[in-house]
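Going left to right, the sequence shown walks through residues 20 to 235 as our numbering numbers them.
We treat Cβ as the ideally placed atom computed from N, Cα and C, and that holds for glycine.
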Amino acid sequence: MTKPRIIAVYSGKGGIGKTTTASCLAWKFGNPAAPERTVLIDANARQRSATVVYEQLQVDAPYAVATEEDPRKLAYARDLDADWVIIDCPPSDLEAAAALDVADLIVVPYVARWLEDEAAALTLQALATRPHAVLFTMVGHNKGRVNAQARDALQDADVRVLKAHVRRYDAHETAQAVGLPVFLPEAQAAIDNADRGAADYTAVHTELLALPELSR
Ligand SMILES: Nc1ncnc2c1ncn2[C@@H]1O[C@H](COP(=O)(O)OP(=O)(O)OP(=O)(O)O)[C@@H](O)[C@H]1O
Ligand SMILES: [Mg+2]
20 MTKPRIIAVY SGKGGIGKTT TASCLAWKFG NPAAPERTVL IDANARQRSA
70 TVVYEQLQVD APYAVATEED PRKLAYARDL DADWVIIDCP PSDLEAAAAL
120 DVADLIVVPY VARWLEDEAA ALTLQALATR PHAVLFTMVG HNKGRVNAQA
170 RDALQDADVR VLKAHVRRYD AHETAQAVGL PVFLPEAQAA IDNADRGAAD
220 YTAVHTELLA LPELSR
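Below, the structure written as structure tokens:
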């Protein structure tokens, strides 16, 4: 049995694309021929969004979902018989600690703002000793300057920032609501910009696959 590679999607901030990122990555890392080999653990017990997104799907998913009531128990993720484990973490470093400890890589969704608030800084402090990479999400279409500044500031602080980023498209919310992942041709035919949303997460997946923490 090979040990799974584990990605925790975590931020101390709410509403910044954790569940969307975890669900899209589970789709990309998933295998339609063996959906049980990719497990998305919904560890956000207060708000089971990843489970809801999964249950809403109108098509077969290439991954399985497991809901964890007690995120402090997540050390067992290491022993799952799976290739990939993606954890949608609760937005608290105390509650998410076991998930953060077991992860090979922590992906930190990050929305750049001109005056970045304390939660983002605290999130990155809590991760300083753990392998992590920041993912810019919900990147606004006229926010080039703010994003470039935020990227520079993080890189100056020696924080790894993924080159790929996720732009802001309503397609993500629409796709979740109708139960058609943005990656599907039928979603791209019916939902404006679903193709762009899909392209963004496809680039994130490609970049993650090449990181040393995730290659075996
Ligand atoms: N790139 C994006 N562009 C536009 N909307 C997005 C994007 N990513 C996510 N959303 C939407 O924003 C809302 C919040 O996203 P999501 O649920 O992924 O965030 P979260 O960090 O998991 O939130 P929570 O703290 O509630 O768990 C959802 O309605 C989602 O569909
Ligand atoms: Mg969520």
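query: Does the pairing of the segment 52-63 with the segment 87-101 give three or more beta-carbon distances under 8 Å?
result: yes
field: Distance CB(R65)-CB(D102) smaller than 8 Å
entry: On the sequence shown, residue 65 is found 46 positions in, with the first residue counted as 1. On the sequence shown, residue 102 is found 83 positions in, with the first residue counted as 1. Their beta carbons are not under 8 Å apart, which means R65 does not touch D102 by this criterion.
query: Any idea if W133 is buried or exposed, counting beta-carbon neighbours within 10 angstroms, 16 or more meaning buried?
result: In the sequence shown, the residue the question calls residue 133 occupies position 114. So W133 ends up on the exposed side.
query: H184: buried (16+ other C-beta within 10 angstroms of its C-beta) or exposed?
result: Within the sequence shown, residue 184 is the residue found at index 165, counting from 1. Buried, by the Cβ-count rule.
- request: For K37, verify whether its CB is less than 7 Å away from any heavy atom of ligand 1.
  value: In the sequence shown, counting from the first residue as 1, residue 37 sits at position 18. For ligand 1, at least one heavy atom lies less than 7 Å from the Cβ of K37.
- prompt: Using DSSP with H/G/I as helix, E/B as strand and the rest coil, what is P200?
  reply: Translated into positions along the sequence shown, residue 200 becomes position 181. In the structure shown, P200 sits in coil (DSSP, three-state: anything other than H, G, I, E or B).
message: I need the boundaries of the alpha helix (DSSP H) containing T225, first residue and last residue.
response: Sequence index remark: in the sequence shown, residue 225 carries index 206 (1-based). Residues A213 to L228.
- request: Have a look at V72 and S42 and give me their C-alpha separation to the nearest angstrom.
  value: Your numbering for residue 72 matches position 53 in the sequence shown. Your numbering for residue 42 matches position 23 in the sequence shown. Each residue's Cα considered, the two are about 8 Å apart.
field: Cβ-based neighbour list, A15, same chain, cut-off 6 Å, excluding 5 preceding and 5 following
entry: Since the first residue shown for the chain is 20 and the last is 235, residue 15 is missing from the structure and cannot be characterised.
message: Nearest by alpha-carbon distance to V180: which of D171, R187, R186 and Y188 is it?
response: As a working note, residue 180 is residue 161 in the sequence shown. Closest by alpha carbon: D171.
- request: List the endpoints of the continuous beta strand (DSSP E) containing D175.
  value: Here residue 175 corresponds to residue number 156 of the sequence shown, with the count starting at 1. Segment G163 to D175 is the alpha helix (DSSP H) holding D175; no beta strand (DSSP E) there.
message: Would you say the beta carbon of P90 is closer than 7 Å to some non-hydrogen atom of ligand 1?
response: Counting from 1 along the sequence shown, the entry for residue 90 is found at position 71. P90: no, Cβ never under 7 Å from ligand 1.
message: What would DSSP say about H151, mapped onto helix, strand or coil?
response: One-based indexing of the sequence shown puts residue 151 at position 132. Three-state result, H151: strand.
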